[in-house]
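Worksheet: the structure to be examined is printed underneath.
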Amino acid sequence: MNVRRALCAGLVAASVLVGGAGLVGAEAAAAPATRCVPASTPESEKRLAELTDVSGIKTFDDARTAISNLRKELSTSDNYLGTFPIAFDNILQLVGPSIASGTYDDPEWAEALAVEVVRLYVGNLHEFVTGGTPQAHWAEAFKLTKKCDRSPGRVLLGQIFAHLIVDFPYALENIGTTAEHTRDYYAFGNALVDATPTIVGT
């Protein structure tokens, strides 16, 4: 799959997930926070650096554990950085069973895709929390997590766009996706759609 086609795939996935789920509506209804960035300590900074180390993310179980741990660490009412791990964790909860159920012609491809998108997100988050330089799309998305005048839904939407419109297509490219994976690609997309009611409800 070439880069242009992969980018188109990401746009399709984003439009289905966001438009079909009504995420924009959820964003409009949510109220901005009075505080959205918790105070950091050397201990919390070290903990986040450890949780965002991608070197141990090699299998789907590794990826699932990494996102689950980030959800537990970041999903407090005063931390906008936790909005995306909540949504991502819900997505992976549904993607996992679809990989094991025989849904895909090439389950190894589906697992590789799930692992790669997690690695791309976690790697950029690591750069952000350790004072490095995230890729431009994530740098912009992470900036929103410090804007307490924005609603949680708007902050989440920025990260979903970074994930689906940029990371997802490049993950497809990185794992060597070909035209033979077309059916599996749409099956993977359907798993994202299945996750949207849970995302909207969080």
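Heads up: the sequence shown is residues -26 to -1, 1 to 176, going by mature numbering (1 follows the signal peptide of the UniProt record, and there is no 0). Glycine included, each C-beta is placed from N, C-alpha and C at the ideal position. Note that the structure is a prediction, hence the values are computed from the model and not measured.
Problem set entry | First through last residue of the alpha helix (DSSP H) which encompasses residue 88 | 81 to 103
Exercise. Taking Cβ positions, are residue 83 and residue 31 nearer each other than 8 angstroms?
Worked result: no
For this session: If I'm right that residue 53 touches residue 11 with Cβ under 8 angstroms, what's the distance once you round it to whole angstroms?
Result: 7 angstroms
Exercise. Would you call residue 126 buried or exposed, if buried means 16 or more other Cβ atoms sit within 10 Å of its Cβ?
Worked result: buried
Problem set entry | Option nearest residue 133 by Cα separation, candidates 108, 153, 19 and 154 | 108
Problem set entry | Span separating the alpha-carbon of residue 103 from that of residue 15 | 12 angstroms
Exercise. Would the beta-carbon of residue 165 fall within 8 angstroms of that of residue 94?
Worked result: For residue 165 and residue 94, no; Cβs fall outside 8 angstroms.
Exercise. By Cβ distance, which residues of its chain are closer than 8 angstroms to residue 87, with the 5 residues on each side in sequence left out?
Worked result: 145, 146, 149, 151 and 162
Exercise. Mapping DSSP to helix, strand and coil, what is residue 32?
Worked result: coil
For this session: With DSSP collapsed to three states, give me the class of residue 13.
Result: coil
Problem set entry | Distance between residue 24 and residue 139 (C-alpha atoms, nearest Å) | 27 angstroms
For this session: Taking only the alpha-carbon atoms, compute the straight-line gap between residue 160 and residue 111 and give it to the nearest angstrom.
Result: 24 angstroms
Exercise. Does DSSP put residue 156 in a helix, a strand or coil?
Worked result: helix
Exercise. Among 76, 120 and 18, which residue has its Cα nearest to the Cα of residue 157?
Worked result: 76
Exercise. Which runs of the alpha helix (DSSP H), 4 residues or longer, sit entirely within the segment 49 to 83?
Worked result: 57 to 74
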